[in-house]
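Below is one structure, written out as C-alpha coordinates, with a few remarks after it.
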Amino acid sequence: MVKSFRSVIAALFSLPIPTIAATASGLVLTLGHDYVLMRSNCGFLYMSEVDLVMTLPDYFSALARSKIGGLSAQRDVLLIGMKVKGEKAVKMGIVDSATHNSEESVVEAAMRIGDRLAERKWNGEVYAKIRKSLYPEICGVLGLVSKTIVASSKL
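With mature numbering (1 follows the signal peptide of the UniProt record, and there is no 0) as the guide, the letters of the sequence shown map in order to residues -21 to -1, 1 to 134.
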(Lines of atoms letter the chains of each structure in order from A and count residues from 1; the text may use other names and numbers.)
(Lines give C-alpha, C1' and ligand atoms only; values in the text may rest on other atoms or scores of the structure.)
Protein backbone atom coordinates (compact mmCIF):
# COMPACT_ATOMS: atom_id res chain seq x y z
CA MET A 1 0.00 0.00 0.00
CA VAL A 2 2.76 2.44 0.92
CA LYS A 3 4.44 1.99 -2.49
CA SER A 4 1.21 2.41 -4.43
CA PHE A 5 0.29 5.47 -2.37
CA ARG A 6 3.49 7.15 -3.56
CA SER A 7 1.99 7.38 -7.06
CA VAL A 8 -1.15 9.02 -5.65
CA ILE A 9 0.91 11.76 -4.00
CA ALA A 10 2.96 12.20 -7.19
CA ALA A 11 -0.25 12.51 -9.20
CA LEU A 12 -1.61 15.19 -6.84
CA PHE A 13 1.56 17.25 -7.21
CA SER A 14 1.35 16.88 -11.01
CA LEU A 15 -2.27 17.91 -11.49
CA PRO A 16 -2.74 21.03 -13.64
CA ILE A 17 -5.31 22.45 -11.20
CA PRO A 18 -5.39 23.46 -7.54
CA THR A 19 -6.36 20.61 -5.22
CA ILE A 20 -8.67 21.03 -2.24
CA ALA A 21 -9.24 18.51 0.55
CA ALA A 22 -12.16 18.51 2.96
CA THR A 23 -10.68 16.08 5.48
CA ALA A 24 -11.24 14.44 8.84
CA SER A 25 -8.25 12.05 8.73
CA GLY A 26 -5.56 10.75 6.42
CA LEU A 27 -2.58 13.01 7.06
CA VAL A 28 -0.43 11.98 4.10
CA LEU A 29 -3.26 12.36 1.59
CA THR A 30 -4.20 15.66 3.22
CA LEU A 31 -0.65 17.00 2.90
CA GLY A 32 -0.73 16.27 -0.82
CA HIS A 33 -3.30 19.02 -1.39
CA ASP A 34 -2.93 22.76 -1.96
CA TYR A 35 -5.87 23.78 0.24
CA VAL A 36 -7.16 21.85 3.25
CA LEU A 37 -10.32 22.31 5.32
CA MET A 38 -11.57 20.42 8.38
CA ARG A 39 -14.63 20.40 10.56
CA SER A 40 -14.29 22.14 13.90
CA ASN A 41 -16.00 19.36 15.83
CA CYS A 42 -14.93 16.11 14.18
CA GLY A 43 -11.83 14.25 13.08
CA PHE A 44 -8.10 14.54 13.57
CA LEU A 45 -4.92 14.16 11.55
CA TYR A 46 -2.54 11.51 12.80
CA MET A 47 0.68 9.88 11.65
CA SER A 48 0.33 6.52 13.40
CA GLU A 49 3.61 4.91 12.32
CA VAL A 50 5.52 5.71 15.53
CA ASP A 51 2.75 4.06 17.59
CA LEU A 52 2.58 1.09 15.21
CA VAL A 53 6.36 0.58 15.37
CA MET A 54 6.75 1.29 11.65
CA THR A 55 9.32 3.40 9.89
CA LEU A 56 8.31 6.06 7.40
CA PRO A 57 9.01 5.80 3.69
CA ASP A 58 11.22 8.58 2.36
CA TYR A 59 8.37 10.40 0.66
CA PHE A 60 6.26 10.55 3.88
CA SER A 61 9.08 12.35 5.68
CA ALA A 62 9.84 14.62 2.72
CA LEU A 63 6.14 15.49 2.42
CA ALA A 64 5.93 16.34 6.13
CA ARG A 65 9.05 18.52 5.94
CA SER A 66 7.64 20.29 2.88
CA LYS A 67 4.13 20.87 4.20
CA ILE A 68 4.27 21.03 8.01
CA GLY A 69 5.77 24.31 9.20
CA GLY A 70 8.34 24.33 11.96
CA LEU A 71 10.53 21.64 13.44
CA SER A 72 8.50 21.36 16.64
CA ALA A 73 5.31 20.73 14.66
CA GLN A 74 7.09 18.12 12.54
CA ARG A 75 8.44 16.47 15.71
CA ASP A 76 5.03 16.41 17.37
CA VAL A 77 3.35 14.89 14.32
CA LEU A 78 6.04 12.39 13.29
CA LEU A 79 7.90 11.47 16.48
CA ILE A 80 5.16 11.82 19.09
CA GLY A 81 2.24 10.72 16.94
CA MET A 82 0.13 13.70 18.02
CA LYS A 83 -3.51 13.51 17.00
CA VAL A 84 -4.09 16.97 15.57
CA LYS A 85 -7.64 18.34 15.65
CA GLY A 86 -8.88 21.16 13.44
CA GLU A 87 -7.98 24.31 15.37
CA LYS A 88 -4.54 22.97 16.30
CA ALA A 89 -3.98 21.89 12.68
CA VAL A 90 -4.65 25.48 11.58
CA LYS A 91 -2.17 26.82 14.16
CA MET A 92 0.42 24.29 12.96
CA GLY A 93 -0.09 25.38 9.36
CA ILE A 94 -1.37 21.99 8.20
CA VAL A 95 -4.96 23.10 7.57
CA ASP A 96 -6.22 26.36 6.10
CA SER A 97 -9.59 26.43 7.85
CA ALA A 98 -11.35 24.45 10.60
CA THR A 99 -14.37 26.59 11.42
CA HIS A 100 -16.94 24.32 9.80
CA ASN A 101 -19.42 22.53 12.06
CA SER A 102 -20.90 19.99 9.64
CA GLU A 103 -19.94 17.83 6.70
CA GLU A 104 -22.11 19.99 4.47
CA SER A 105 -20.50 23.25 5.56
CA VAL A 106 -16.93 22.02 5.02
CA VAL A 107 -17.83 20.71 1.55
CA GLU A 108 -19.59 23.99 0.71
CA ALA A 109 -16.51 25.93 1.82
CA ALA A 110 -14.28 23.71 -0.31
CA MET A 111 -16.57 24.27 -3.31
CA ARG A 112 -16.42 28.05 -2.77
CA ILE A 113 -12.63 27.93 -2.80
CA GLY A 114 -12.73 25.81 -5.95
CA ASP A 115 -15.13 28.22 -7.66
CA ARG A 116 -12.99 31.21 -6.68
CA LEU A 117 -9.82 29.56 -7.97
CA ALA A 118 -11.49 28.42 -11.21
CA GLU A 119 -12.39 32.03 -11.99
CA ARG A 120 -8.67 32.74 -12.30
CA LYS A 121 -8.46 30.58 -15.45
CA TRP A 122 -4.80 29.81 -14.86
CA ASN A 123 -2.71 27.88 -17.35
CA GLY A 124 -2.75 24.43 -15.76
CA GLU A 125 0.70 23.45 -16.98
CA VAL A 126 2.16 26.59 -15.43
CA TYR A 127 0.26 25.99 -12.17
CA ALA A 128 1.63 22.44 -11.90
CA LYS A 129 5.19 23.58 -12.64
CA ILE A 130 5.01 26.32 -10.01
CA ARG A 131 3.63 23.86 -7.45
CA LYS A 132 6.52 21.49 -8.14
CA SER A 133 9.06 24.30 -7.83
CA LEU A 134 7.48 25.37 -4.52
CA TYR A 135 8.12 21.92 -3.00
CA PRO A 136 11.46 20.78 -4.48
CA GLU A 137 12.28 18.23 -1.76
CA ILE A 138 9.14 16.12 -2.00
CA CYS A 139 9.01 16.46 -5.77
CA GLY A 140 12.64 15.33 -6.00
CA VAL A 141 11.94 12.30 -3.82
CA LEU A 142 8.91 11.49 -5.99
CA GLY A 143 10.99 11.86 -9.16
CA LEU A 144 8.96 14.81 -10.43
CA VAL A 145 10.88 17.28 -12.54
CA SER A 146 9.99 20.96 -12.66
CA LYS A 147 11.05 22.51 -15.93
CA THR A 148 10.71 26.19 -16.61
CA ILE A 149 8.09 26.99 -19.21
CA VAL A 150 7.19 30.31 -20.69
CA ALA A 151 3.56 31.02 -21.40
CA SER A 152 2.03 34.07 -22.98
CA SER A 153 1.05 36.77 -20.52
CA LYS A 154 -2.60 37.52 -19.79
CA LEU A 155 -1.71 40.97 -18.49
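Ideal Cβ positions, reconstructed from N, Cα and C, are used throughout, including at glycine.
Query                                                                                                                            : Result
Exposure of Val63, with buried meaning 16 or more beta-carbon neighbours within 10 Å                                             : buried
As assigned by DSSP and simplified to three states, the class of Arg54                                                           : helix
Beta-bridge pairing of Ile(-2) - partner residues as DSSP gives them                                                             : Tyr14
Selected residue, minimal CA-CA separation from Ala1, among Gly11, Leu(-7), Phe(-9) and Ser(-8)                                  : Gly11
Member of Gly122, Asp94 and Leu(-10) whose CA lies at the smallest distance from the CA of Arg110                                : Leu(-10)
CB contact flag (Glu116, Ala52, <8 Å)                                                                                            : no
Touching by the beta-carbon criterion (3+ pairs, under 8 Å), the segment 75 to 84 and the segment 14 to 32                       : yes
Contacts around Ala97, its chain only, beta-carbon distance under 6 Å, and the 5 residues preceding and following it disregarded : none
Where the beta strand (DSSP E) through Ser76 begins and ends                                                                     : Ser76 to His79
Glu87 to Leu24 span [Cα, whole Å]                                                                                                : 21 Å
Reference Arg18, options Ile(-5), Pro36 and Ala89, closest by Cα                                                                 : Ala89
Bridge partners - Leu24, DSSP secondary structure assignment                                                                     : Val63
Bounding residues of the alpha helix (DSSP H) (the contiguous stretch that carries Lys111)                                       : Gly103 to Leu113
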